[in-house]
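Trainee: Residue numbers (this note's numbering): 1 to 409.
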Ligand code: PMT
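(1) Measuring CB to CB, does residue 345 end up less than 9 angstroms from residue 313?
(2) How many Å lie between residue 95 and residue 9 at the Cα?
(3) Which term fits residue 288, buried or exposed, when burial requires 16 or more other beta carbons within 10 angstroms of its beta carbon?
(4) My guess is that residue 366 and residue 349 are in contact by the Cβ rule of under 8 angstroms, so how many angstroms apart are they, rounded?
(5) How would you call residue 252, buried or exposed, if buried means at least 16 neighbouring beta carbons within 10 angstroms?
(6) Is the beta carbon of residue 338 closer than 9 angstroms to that of residue 364?
(7) Taking the alpha carbon of residue 11 as the point to measure from, which residue in 343, 84, 62 and 178 has its own alpha carbon closest?
(8) Taking the alpha carbon of residue 184 as the reference point, which residue from 272, 205, 119 and 196 has its own alpha carbon closest?
(9) For a minimum of 3 consecutive residues, which ranges assigned as the beta strand (DSSP E) are wholly contained in the segment 46-112?
(10) Would you say the beta carbon of residue 278 comes nearer than 8 angstroms to a heavy atom of the ligand PMT?
(11) DSSP three-state label for residue 211, please.
(12) Starting from residue 179, follow the beta strand (DSSP E) in both directions and report where the run begins and ends.
(13) Could you tell me whether the segment 130-145 touches the segment 25-39, using the rule of 3 or more Cβ pairs below 8 angstroms?
(14) Looking at the structure shown, is residue 361 part of a helix, part of a strand, or coil, going by DSSP?
(15) If contacts are defined as beta-carbon pairs under 8 angstroms, then residue 347 and residue 323 qualify, I think. What distance do you get, rounded to the angstrom?
(16) Taking the alpha carbon of residue 388 as the point to measure from, which residue in 217, 265 and 331 has its own alpha carbon closest?
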């Protein structure tokens, strides 16, 4: 089973064709592959399969009405469009493809397709003569020209007894093709070393100083980087995140251990990304025994930890170095100061503390700064943000590499 769909938000559109009976199995297979599935049904789809069935197999309420006040209060249609990492319409009837081509927004599914920035894939299913018809073929070509992916159709015997192209692909094949949508080749052959999560600085055998980093941002980036073809080594502080497939994970506890591990591995890498919330200070002495509660006050003496990302940026043969900046005030000016002070190629600035984004949360909003440029990424899931950041990182890394090649030519 492909793993690219783990944690992906898949909006499964079901339109009114006999193949809709397979959509229930498709929803089940998508969930087995790790995706979170929400189903949107057209009115005609409900003639073929019930919303109750689709709700049971997807594990989420089914959306079927553009003007449903209750549904809009829970998750409005624009929010639903933003939520989706990909939209898969299966089955996609000839009528739906025609309406999509026209840019119609006369039901929930077409409206979502118009409002979403996520990739859209269709699994056509219809009678072979309808599929061959010039009108359908022109519509298919037109939506493909707009970037819509077409999964199938397959050839074979049809429900009406005809034989030819028009059968919907089997659910497992659709899951495979959908997972390939998340596989880009932007960083093929590129080695990336990165850090994520918090560090823990021991006070005594049972206590430590740490922070609230969950590792979600770093692990989402690691996943997006492997999907872009990079070979990723992730040096991680203590977190409870699942290691993404194909990522080599090295566990560390303290900043000193993280520093040593980074310095040990950095030489084989083309890009370094410091997502970890590294403790700036550690206890000067760690008590060998649990500190007893004997006085009203306790003073800990702290000393500076090495700055990992700045040390990597100072190497003679340094990789493309990217840092994160976690700020509670003056986000852009503080981040820009860190970009220059630490001699980084790029910095990704996020607001932390008292926000619903940033540290510990499922969503983030960032501004990326590099050279004299900056680009803002509005609030979205860390998974989606990671994929957008990877596109920008790949672009900037390529430009920098080409410049270096020109200089050494
Ligand atoms: O893990 P999550 O809950 O998903 O939260 C994600 C995050 C908020 C932790 C992440 O997006 C983030 O901002 N990471 C950087 C946190 C941080 O330590 O920021 P900073 O501004 O203090 O440090 C700037 C840069 O220097 C960072 O790249 C950091 O990794 C690096 N650094 C800091 C101190 C140190 N001793 N060594 C370092 O390498």
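Ideal placement from N, C-alpha and C gives every residue a C-beta, glycine not left out.
Mentor: Judging by the given coordinates:
(1) Cβ atoms of residue 345 and residue 313: closer than 9 angstroms.
(2) In this model, residue 95 and residue 9 are separated by some 26 angstroms (Cα to Cα).
(3) Here residue 288 is exposed. Its C-beta has fewer than 16 other C-beta atoms within 10 Å.
(4) Yes, they are in contact, since the Cβ atoms of residue 366 and residue 349 sit about 6 angstroms apart, within 8 angstroms.
(5) Buried, by the Cβ-count rule.
(6) Against a cut-off of 9 angstroms, the Cβ pair of residue 338 and residue 364 comes out as no contact.
(7) When 343, 84, 62 and 178 are compared, the shortest CA-CA separation from residue 11 is found for 84.
(8) When 272, 205, 119 and 196 are compared, the shortest CA-CA separation from residue 184 is found for 119.
(9) Under the rule that a run must span 3 or more residues, the beta strand (DSSP E) segments found entirely inside the segment 46-112 read 86-92.
(10) Annotation for residue 278 indicates a beta carbon within 8 angstroms of some heavy atom of the ligand PMT.
(11) Three-state DSSP puts residue 211 in coil, outside helix and strand.
(12) Bounds of any beta strand (DSSP E) do not take in residue 179; it lies within the alpha helix (DSSP H) bounded by 171-181.
(13) No, they do not touch.
(14) If DSSP states are grouped into helix, strand and coil, residue 361 belongs with coil.
(15) Yes, they are in contact, since the Cβ atoms of residue 347 and residue 323 sit about 5 angstroms apart, within 8 angstroms.
(16) The option with the nearest alpha carbon to residue 388 is 217.
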